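In the order they appear, the protein sequences are chains A and B.
Here the first sequence is numbered in the UniProt record's numbering, starting from 1 and rising by one per residue.
Here the second sequence is numbered in the UniProt record's numbering, starting from 1 and rising by one per residue.
We put the beta carbon where it would ideally sit given N, CA and C, even for glycine.
No experiment lies behind these values; they were computed from the predicted model shown.
Read through the structure below, which is laid out as structure tokens, and then see the notes.
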Amino acid sequence: MAGRGRGRGRGQMTFNLEDLGIGRGDSLPPTTFKPSPLFPPMPVQPVPLQTGEEVEYMLALKQELRAANKTLPFYIRRAAPKRDVDRYSDKYQSGDPKDSAIEWSPGHPPQVKQPKKPLVGKEEILTKLETLEKNEEAVNSEEEEDGEKKKTNEEEEQPEEEDYEEDFEEDTDYIMSYFDNGEEFGGDSDDNMDEATY
Amino acid sequence: MTAQEVRLCGLLLQEHFGEVVERIGTHLLRGGAQNLRTIANETNTPLDLVKKSLCVLVQHGACEFGSGRRGPGSPVEYRANCERVLRVLRYPRYIYTAKTLYGDTGELIVEEVLQRGHMTMSNTVKTVADRLTHNMEEGRSMEYSEVVSAFSKLVETHFLQRCPPVAEMGTAASSTTPATPSTPAAPASTAPPTAESNPDCYKLPHVTLIGRGKRRRSSDDSEEQRGGKKAKMEVESCGDEGIYWQVNFERFHQHFRDQAVISAVASKLDQTSSEIVRTMLRMSEVTTTQTAAYTQPLSANEIFRSLPPNYSISRPILDQYLSLLVDDPMEFVGKSGDSGGGMYVVNLQRALANLARATLESVVQERFGSRSARIFRLLLRKRHLEQKQVEDFAMIPAKEAKDMLYTLLSENLVQLQEIPKTPDHAPSRTFYLYTVNQLPTARLLLQHCYKTVANLIERRLFETKENKRLLEKSQRIEAILASLQASGAEPEQLTEVEEMITAPERQQLEALRHHINKLDSTENQVDETVFLLESYIFSTKTK
Numbered sequence: 001m002a003g004r005g006r007g008r009g010r011g012q013m014t015f016n017l018e019d020l021g022i023g024r025g026d027s028l029p030p031t032t033f034k035p036s037p038l039f040p041p042m043p044v045q046p047v048p049l050q051t052g053e054e055v056e057y058m059l060a061l062k063q064e065l066r067a068a069n070k071t072l073p074f075y076i077r078r079a080a081p082k083r084d085v086d087r088y089s090d091k092y093q094s095g096d097p098k099d100s101a102i103e104w105s106p107g108h109p110p111q112v113k114q115p116k117k118p119l120v121g122k123e124e125i126l127t128k129l130e131t132l133e134k135n136e137e138a139v140n141s142e143e144e145e146d147g148e149k150k151k152t153n154e155e156e157e158q159p160e161e162e163d164y165e166e167d168f169e170e171d172t173d174y175i176m177s178y179f180d181n182g183e184e185f186g187g188d189s190d191d192n193m194d195e196a197t198y
Numbered sequence: 001m002t003a004q005e006v007r008l009c010g011l012l013l014q015e016h017f018g019e020v021v022e023r024i025g026t027h028l029l030r031g032g033a034q035n036l037r038t039i040a041n042e043t044n045t046p047l048d049l050v051k052k053s054l055c056v057l058v059q060h061g062a063c064e065f066g067s068g069r070r071g072p073g074s075p076v077e078y079r080a081n082c083e084r085v086l087r088v089l090r091y092p093r094y095i096y097t098a099k100t101l102y103g104d105t106g107e108l109i110v111e112e113v114l115q116r117g118h119m120t121m122s123n124t125v126k127t128v129a130d131r132l133t134h135n136m137e138e139g140r141s142m143e144y145s146e147v148v149s150a151f152s153k154l155v156e157t158h159f160l161q162r163c164p165p166v167a168e169m170g171t172a173a174s175s176t177t178p179a180t181p182s183t184p185a186a187p188a189s190t191a192p193p194t195a196e197s198n199p200d201c202y203k204l205p206h207v208t209l210i211g212r213g214k215r216r217r218s219s220d221d222s223e224e225q226r227g228g229k230k231a232k233m234e235v236e237s238c239g240d241e242g243i244y245w246q247v248n249f250e251r252f253h254q255h256f257r258d259q260a261v262i263s264a265v266a267s268k269l270d271q272t273s274s275e276i277v278r279t280m281l282r283m284s285e286v287t288t289t290q291t292a293a294y295t296q297p298l299s300a301n302e303i304f305r306s307l308p309p310n311y312s313i314s315r316p317i318l319d320q321y322l323s324l325l326v327d328d329p330m331e332f333v334g335k336s337g338d339s340g341g342g343m344y345v346v347n348l349q350r351a352l353a354n355l356a357r358a359t360l361e362s363v364v365q366e367r368f369g370s371r372s373a374r375i376f377r378l379l380l381r382k383r384h385l386e387q388k389q390v391e392d393f394a395m396i397p398a399k400e401a402k403d404m405l406y407t408l409l410s411e412n413l414v415q416l417q418e419i420p421k422t423p424d425h426a427p428s429r430t431f432y433l434y435t436v437n438q439l440p441t442a443r444l445l446l447q448h449c450y451k452t453v454a455n456l457i458e459r460r461l462f463e464t465k466e467n468k469r470l471l472e473k474s475q476r477i478e479a480i481l482a483s484l485q486a487s488g489a490e491p492e493q494l495t496e497v498e499e500m501i502t503a504p505e506r507q508q509l510e511a512l513r514h515h516i517n518k519l520d521s522t523e524n525q526v527d528e529t530v531f532l533l534e535s536y537i538f539s540t541k542t543k
């Protein structure tokens, strides 16, 4: 007996649907089964962009600033990853930074010893920056040492391999250059058929 | 720091300072104050890269350091400043404003200081003079004194300010810095000193810079190097070491706000009223603080005397204009007294609120149509309305009004307020009222704007990446063309090189440039809306 006589075709709710504005006989909008699309179709086109001298000047400024940022010392790039073998063209291509060192002094000359000035606060930031720079240099020298060590390791490996190959060839007790096994004799005559052999 | 803000900050940092700084910056923004070791460990970046990124961020004012939370013995903690990073979006607008106010010299000064973060005056003057000389014709060069005069004008009008001295950390004994708190024993108890707290903030250093700009020639490189070394030695002997200058963003924002108010008056009323308001704002530039709700009262006599000479209106006409401005529903100007022919103030806070309201209304109008905008304006004016009342007041048929209201509700631009009639909150006996709250809606739109700009930047990066090969090829060909022209080649060779780019590729390049220009200028325009909404929200905070 509960719910008899109320709006058939719709569920019973605890509040009056009239208040929300859904009168009798109105159909509800269809239920949705999936999330709304990522790029829904726009019912209205947006207003076109402003144009004018001011706008174009600011556009040019923006693009110039973007390009100039890449050349400033504030743009930090990671060190290019070391490839497995040093290649010949590395000498001629120095596009990527070899290590992550950047040669900048953030706005103050590094070598000048300042006389005692009343602006004590600045010295704090300067000493801090100087210590950071010294750390940079220490890291740089460490990295250079590491680089050198790696290079010396590679050089040592190569002579070792060559030694290994020589050892492998000298399996016999005889010196290879003394024994002429006649292979070269045949090879020469194949190349020069025109000349008579004397 | 909302998610959208952090995403936008990350993209801006990546564009301007590279990926390493972006990683460190977003980590700091998300995580709050952290010390060096934590940052290095959590971002898996080597320590020297972290140090360099932090240096770059501190140099540009995006990061502050202070003693740790556990007292003076704990390691230094770094805090990133989200707002400062978002300012990067507005750099072109600052530079353009400097150009309109102080010419090319002022423009270049502001550009240099913005790009470098903190600069000494002597450095700035020399760099700007060199750049101006480079653009001038042969044989002429720029005097340092002209650049110095432009610089001092910028400082006098507070567009440039000294960087705040660094807070004392630990046991530094001498306390001649005026900004730090008096007792060195108090660790980070107060906020880091702002630039304004330094009384020398706008004082020019006593430095005499005499010289002319140097023109960079590519032919005599070796001489330039030697000359450059000598110039470097001279730089070090200038008298203003340690006095760094930065751009005063608040002053620029004040200028933009004044411009917005003046143009609003001009479009609502007429040119003469906007001139009157401009005069009033100009007179109260130095006496108004940043967060004042209204300017100092100005008497009509003073306004009459300070009007620009080419706007000669008679006194009774001025009084009529002023009474018109006061009666206008936008409430830009208010009357605060009757002495001196009438005391008038410019209601800054109310003007900002009205400008923000106009922005919200126009957003609703462009997205949902003018009838939804009518409903929105109605709700803003009448505060709380029932469904039936909305239909009646807006004169829109019930079905459509219901649809529009629900669309606005689903976009969160309109809220439902329940008012129960009975204590048990029975739904059948509750009023449901629709309402619009201006401040939360403004915040919502501001976040939408941040998301929009981030999407624009990402799309631009995507487009650039897609056509990277083509862009590199065109750059190479331009370089070849330039070098050929410099070494004097024949036209046939030039055309041959130019034909290396085929016609469809040229079209593609054109389309790409067009898209990127559009995306860039859209970013600039969205930033104007961002500025309005941010100013409005900021003005309501400091009540």
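Subject >> Which listed residue (N347(B), F256(B), D258(B), G18(B)) has its alpha carbon closest to that of T295(B) >> reply: The residue labelled residue 295(B) in the question sits at position 295 within the second sequence. Out of N347(B), F256(B), D258(B), G18(B), N347(B) has the C-alpha closest to the C-alpha of T295(B).
Original post:
Does the distance from the CB of Q349(B) to the CB of S539(B) come in under 7 Å?
Top reply: Residue numbering aside, residue 349(B) sits at position 349 when the second sequence is read from its first letter. Residue numbering aside, residue 539(B) sits at position 539 when the second sequence is read from its first letter. Against a cut-off of 7 Å, the Cβ pair of S539(B) and Q349(B) comes out as a contact.
Original post:
Hey, A373(B) and V364(B): beta-carbon distance below 7 Å or not?
Top reply: The residue you call residue 373(B) lines up with position 373 of the second sequence. The residue you call residue 364(B) lines up with position 364 of the second sequence. The answer is yes: Cβ separation under 7 Å.
**OP:** Select from the stretch 60-83 of chain A all residues with a C-beta closer than 8 Å to any C-beta belonging to chain B, and list them in chain order.
**Re:** L61, K62, Q63, L65, R66, A68, N69, L72, F74, Y75, I76, R77, R78
**OP:** Output the boundary residues of the alpha helix (DSSP H) element that contains Q254(B).
**Re:** Locating residue 254(B) in the second sequence gives position 254, where the first residue counts as 1. Per DSSP, Q254(B) belongs to the alpha helix (DSSP H) from 249-268.
Original post:
Within the 7 Å Cβ cut-off, does N524(B) reach chain A?
Top reply: To locate residue 524(B), count along the second sequence from 1; it is residue 524. Closer than 7 Å to some Cβ of chain A, the Cβ of N524(B) qualifies, so yes.
Original post:
Should Y311(B) go down as buried or exposed, given a rule of 16 or more other Cβ atoms within 10 Å for buried?
Top reply: By one-based count along the second sequence, residue 311(B) stands at place 311. Burial call: exposed.
**OP:** Verify whether the separation of the beta carbon atoms of S273(B) and Y321(B) is less than 7 Å.
**Re:** For this step, residue 273(B) is matched to residue 273 along the second sequence. For this step, residue 321(B) is matched to residue 321 along the second sequence. Their beta carbons are under 7 Å apart, which means S273(B) touches Y321(B) by this criterion.
Subject >> Separation of K203(B) from A185(B), as counted between CA atoms >> reply: For the purposes of this step, residue 185(B) is taken as residue 185 along the second sequence, with counting starting at 1. For the purposes of this step, residue 203(B) is taken as residue 203 along the second sequence, with counting starting at 1. Residue placement at A185(B) cannot be trusted, given a pLDDT of 35 that sits under 50; what the coordinates show is reported in the next sentence. Approximately 30 Å between the Cα atoms of the pair.
Original post:
Would you say E366(B) reaches chain A, if we count a Cβ-Cβ gap shorter than 7 Å as a contact?
Top reply: Counting from 1 along the second sequence, the entry for residue 366(B) is found at position 366. It does; some Cβ of chain A falls within 7 Å.
**OP:** Return the chain-ordered list of same chain residues with a C-beta closer than 8 Å to the C-beta of S319(B), the five sequence neighbours on each side being excluded.
**Re:** Walking along the second sequence from the start, residue 319(B) turns up at place 319. Contrary to the premise, residue 319(B) reads as Asp rather than Ser in this sequence. Taken in chain order, the residues that qualify are A300, G341, G342.
Subject >> Under 7 Å from the C-beta of N248(B): neighbouring residues of chain A >> reply: The residue you call residue 248(B) lines up with position 248 of the second sequence. In chain order: nothing, as chain A lies at least about 18 Å away.
Subject >> Straight-line Cα distance separating V166(B) from K134(A) >> reply: One-based indexing of the first sequence puts residue 134(A) at position 134. One-based indexing of the second sequence puts residue 166(B) at position 166. Cα-Cα distance, rounded: 21 Å.
Subject >> Distance, L89(B) Cα to S122(B) Cα >> reply: Position 122 of the second sequence holds residue 122(B). Position 89 of the second sequence holds residue 89(B). Distance between the alpha carbons of S122(B) and L89(B): 27 Å.
Subject >> Partners in chain B for L49(A), counting only beta-carbon separations shorter than 8 Å >> reply: Here residue 49(A) refers to the residue found at position 49 when the first sequence is read from its first residue. K518, S521, T522, Q525, listed in chain order.
Original post:
Comparing the C-beta of V261(B) with each C-beta of chain A, is any distance below 7 Å?
Top reply: As a first step, residue 261(B) must be located in the second sequence, where it is residue number 261. Chain A, which has no Cβ nearer than 7 Å to the Cβ of V261(B), makes this no.
Subject >> Backbone secondary structure at Y92(A) - three-state DSSP >> reply: For the purposes of this step, residue 92(A) is taken as residue 92 along the first sequence, with counting starting at 1. Three-state DSSP puts Y92(A) in coil, outside helix and strand.
Subject >> Endpoints, alpha helix (DSSP H) assigned at C9(B) >> reply: For the purposes of this step, residue 9(B) is taken as residue 9 along the second sequence, with counting starting at 1. It spans 3-17 - the alpha helix (DSSP H) in which C9(B) sits, taken as one unbroken run.
Subject >> Neighbourhood of Q493(B) by C-beta distance below 7 Å, restricted to the same chain and skipping five residues each side >> reply: As a position in the second sequence, residue 493(B) is number 493, starting the count at 1. Hits under 7 Å: L484.
**OP:** Taking C-beta pairs closer than 7 Å, name the residues in chain B that M46(A) reaches, listed in chain order.
**Re:** Taking the first sequence and counting its residues from 1, one reaches residue 46(A) at position 46. Note that residue 46(A) is Pro in the sequence shown here, rather than Met. Under the 7 Å cutoff, chain B gives E366.
Original post:
What separation, rounded to the nearest whole angstrom, lies between the Cα atoms of K34(A) and Y78(B)?
Top reply: As a first step, residue 34(A) is located in the first sequence; it is residue number 34 there, counting from the start. As a first step, residue 78(B) is located in the second sequence; it is residue number 78 there, counting from the start. Straight-line Cα distance between these residues: approximately 45 Å.
Original post:
Which residues share a DSSP beta bridge with A64(B)?
Top reply: Residue numbering aside, residue 64(B) sits at position 64 when the second sequence is read from its first letter. Note on residue identity: the sequence assigns Glu, not Ala, to residue 64(B). R79(B).
Original post:
When Cβ atoms are compared, which residues of the stretch 12-40 of chain B fall closer than 9 Å to chain A?
Top reply: E15, H16, F17, G18, E19, V20, V21
Original post:
Applying the criterion that 16 or more other CB atoms from any shown protein chain within 10 Å of the CB defines a buried residue, is L29(B) buried or exposed?
Top reply: For the purposes of this step, residue 29(B) is taken as residue 29 along the second sequence, with counting starting at 1. When all chains shown are included, L29(B) counts as buried.
Subject >> Which listed residue (C201(B), T26(B), V265(B), A33(B)) has its alpha carbon closest to that of D327(B) >> reply: Here residue 327(B) refers to the residue found at position 327 of the second sequence. If we check each option's Cα against that of D327(B), V265(B) comes out closest.
Original post:
Helix, strand or coil: how does DSSP classify V44(A) here?
Top reply: Position 44 of the first sequence holds residue 44(A). V44(A): coil per DSSP, three-state reduction.
**OP:** Tell me whether N412(B) is buried or exposed, calling it buried when 16 or more other Cβ atoms sit within 10 Å of its Cβ.
**Re:** For this step, residue 412(B) is matched to residue 412 along the second sequence. Exposed, by the Cβ-count rule.
**OP:** Drop a sphere of 10 angstroms on the beta-carbon of F462(B), count the other beta-carbons inside from all chains shown, and report buried for 16 or more, exposed for fewer.
**Re:** As a first step, residue 462(B) must be located in the second sequence, where it is residue number 462. So F462(B) ends up on the exposed side.
Original post:
What are the boundary residues of the alpha helix (DSSP H) that S314(B) is part of?
Top reply: The sequence position of residue 314(B) within the second sequence is 314, counting from 1. Premise fails: S314(B) is in no alpha helix (DSSP H) and is neither H nor E.
Original post:
Excluding five sequence neighbours on each side, which residues of the same chain lie with their C-beta closer than 8 Å to the C-beta of Y244(B)?
Top reply: Residue mapping note: residue 244(B) aligns to position 244 of the second sequence, counting from 1. Same-chain partners within the cutoff: H118, M119, T120, R162, C163.
**OP:** Check whether the stretch 48-64 of chain B touches the stretch 496-515 of chain B, taking contact to mean three or more Cβ pairs, one atom from each stretch, closer than 8 Å.
**Re:** no
**OP:** Taking only runs that begin and end inside the stretch 70-123 of chain B, name each unbroken alpha helix (DSSP H) of 4 or more residues, in chain order.
**Re:** 82-86, 91-116
Original post:
Three or more C-beta pairs closer than 8 Å, one from the stretch 54-67 of chain A and one from the stretch 29-43 of chain B: is that the case here?
Top reply: no
Subject >> Backbone CA spacing between I396(B) and Q387(B) [nearest angstrom] >> reply: Residue mapping note: residue 396(B) aligns to position 396 of the second sequence, counting from 1. Residue mapping note: residue 387(B) aligns to position 387 of the second sequence, counting from 1. Taking the straight line from one Cα to the other gives about 12 Å.
**OP:** Taking all protein chains shown into account, decide if H60(B) is buried (16 or more other Cβ within 10 angstroms of its Cβ) or exposed.
**Re:** The residue labelled residue 60(B) in the question sits at position 60 within the second sequence. Result: buried.
**OP:** In angstroms with no decimal places, state the Cα-to-Cα distance between residue 551(B) and F17(B).
**Re:** Since the displayed chain B opens at 1 and closes at 543, residue 551(B) lies outside it and no answer follows.
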